[in-house]
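The structure appears below as structure tokens.
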Amino acid sequence: MNRRVAAIDALEARLGHVFADRDLLERALTHASASQGARKLPDNERLEFLGDRVLGLVMAHALMSRDGEATAGVLSKQLAGLVSRQACARAARAAGLGDALRLQGGETRRGARDHESILADACEAVIAALYLEVGLDGAGAIILSLWAPMLEEPVDLAIADPKSALQEWAAANGRSAPVYRLISRTGPDHEPQFTLEVSIDEAESAVGVGGSLQVAQKAAALSLLMRQRGQA
Numbered sequence: 037m038n039r040r041v042a043a044i045d046a047l048e049a050r051l052g053h054v055f056a057d058r059d060l061l062e063r064a065l066t067h068a069s070a071s072q073g074a075r076k077l078p079d080n081e082r083l084e085f086l087g088d089r090v091l092g093l094v095m096a097h098a099l100m101s102r103d104g105e106a107t108a109g110v111l112s113k114q115l116a117g118l119v120s121r122q123a124c125a126r127a128a129r130a131a132g133l134g135d136a137l138r139l140q141g142g143e144t145r146r147g148a149r150d151h152e153s154i155l156a157d158a159c160e161a162v163i164a165a166l167y168l169e170v171g172l173d174g175a176g177a178i179i180l181s182l183w184a185p186m187l188e189e190p191v192d193l194a195i196a197d198p199k200s201a202l203q204e205w206a207a208a209n210g211r212s213a214p215v216y217r218l219i220s221r222t223g224p225d226h227e228p229q230f231t232l233e234v235s236i237d238e239a240e241s242a243v244g245v246g247g248s249l250q251v252a253q254k255a256a257a258l259s260l261l262m263r264q265r266g267q268a
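For reference, each letter of the sequence shown is one residue, going 37 to 268 in our numbering.
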């Protein structure tokens, strides 16, 4: 059996669902790099967009159901951690999604099957495919199963939403609001790398790197926040 076919079978076994629409599953597993060159394959970017919204709804409902006393602010910070790129990549690894991906030939040799942003995007695309095939209730049950360990873990709200936490720290200490500045953008269009700096009062700063501006901002904010914690 082809290695990737075996990986797809294993993925469906872990999800507890065998896709009736095989084309839908293939699209969810196809990274944009595979569409470059002579072959024009439907990639998973549109499904990723939908899956992000489905995941957010399922996690928001789960958090509200689990804690009837939490404020909207606390719930928002918890949600940010559960729908983050890191959480999606963790769920993807647990499901064995990396081996099932369809990538451009050289991407596998460069370690793309375990690249956090690629795994996270594919995870959201598979969530969208599940939603389209079995509806919100069916997809939600599978999502909750994958996210069960993360839902049980205590949440560090600062890590879950470092940008808000840094802004709150600055306000509480009479400092100016954090300012973010893009330093560089490198890499191909389908896998960019952003390097960004955050500063407060031009006196304290930290740098973050990520596959999107938002991820780089969070990384920079977390770095500066952890430094302030260490100095407290």
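For each residue, glycine too, the CB sits at the ideal point set by N, CA and C.
Proximity to residue i [Cα-Cα], best of the options
i      : options                        : result
GLY117 : LEU99, LEU133, ASP225, GLU84   : LEU99
LEU155 : ALA201, ARG138, ALA207, VAL234 : ARG138
ALA5   : GLY171, GLY104, ALA206         : Residue 5 lies beyond the range of the chain shown here (37 to 268); nothing can be said about it.
VAL170 : GLY52, ALA131, ALA256          : GLY52
PRO224 : MET186, ALA68, LEU180          : ALA68
GLN250 : ASP237, SER241, ILE236, GLN229 : GLN229
ALA106 : ALA43, TRP183, VAL191          : VAL191
PRO185 : ALA131, ALA148, LEU168         : ALA131
HIS226 : LEU86, ALA148, GLU188          : ALA148
Cβ-based neighbour list, residue i, same chain, cut-off 7 angstroms, excluding 5 preceding and 5 following
i      : result
ALA196 : LYS113, GLN114, ALA116, GLY117
LEU133 : LEU47, LEU155, ALA158, CYS159, VAL162
ALA43  : GLY132, ASP135, ALA136
GLU81  : ALA68
ALA49  : none
Reduced DSSP secondary structure (H/G/I, E/B, other) of residue i
i      : result
GLY117 : helix
GLU160 : helix
PHE85  : helix
GLY109 : helix
VAL41  : helix
GLY223 : coil
GLU189 : coil
ARG211 : coil
GLU238 : coil
GLY244 : strand
GLN229 : strand
LEU218 : strand
ALA268 : In this prediction, ALA268 scores a pLDDT of 47, lower than 50, which makes its location untrustworthy; the coordinate-derived value is nonetheless stated afterwards. Coil.
Supposed contact pair residue j and residue i - C-beta distance, whole angstroms, cut 8 angstroms
i      : j      : result
LEU232 : GLN253 : 6 angstroms
PHE55  : ALA127 : PHE55 to ALA127, Cβ: 18 angstroms. No contact.
ALA64  : LEU83  : 5 angstroms
ASP45  : THR66  : The pair is not a contact, with the Cβ atoms about 17 angstroms apart (cut-off 8 angstroms).
SER259 : GLY246 : With 8 angstroms as the limit, SER259 and GLY246 do not qualify as a contact, their Cβ atoms being about 12 angstroms apart.
VAL119 : MET95  : 6 angstroms
VAL234 : ALA257 : 6 angstroms
ARG40  : ALA136 : 6 angstroms
ARG211 : ILE236 : 5 angstroms
Own chain residues within Cβ distance below 8 angstroms of residue i, not counting five before or after
i      : result
ASP150 : ARG129, GLY134
GLU152 : ARG121, GLN122, ALA125, GLY247
LEU261 : ALA194, PRO198, ALA201, LEU202, TRP205
ILE219 : THR231, LEU232, GLU233, VAL243
ASN38  : none
ALA268 : Bear in mind that a pLDDT of 47 at ALA268, under 50, signals an unreliable position, so the model cannot answer this.
SER181 : GLY52
Close Cβ partners of residue i (< 6 angstroms) along its chain, the five nearest in sequence each way excluded
i      : result
TYR167 : VAL90, ALA175
LEU86  : ALA164
Worksheet item: Hey, is the region 100-107 in contact with the region 160-178, meaning 3+ C-beta pairs nearer than 8 angstroms?
Response: no
Worksheet item: How about the region 212-227 and the region 43-63: do they share at least three Cβ pairs that are nearer than 8 angstroms?
Response: no
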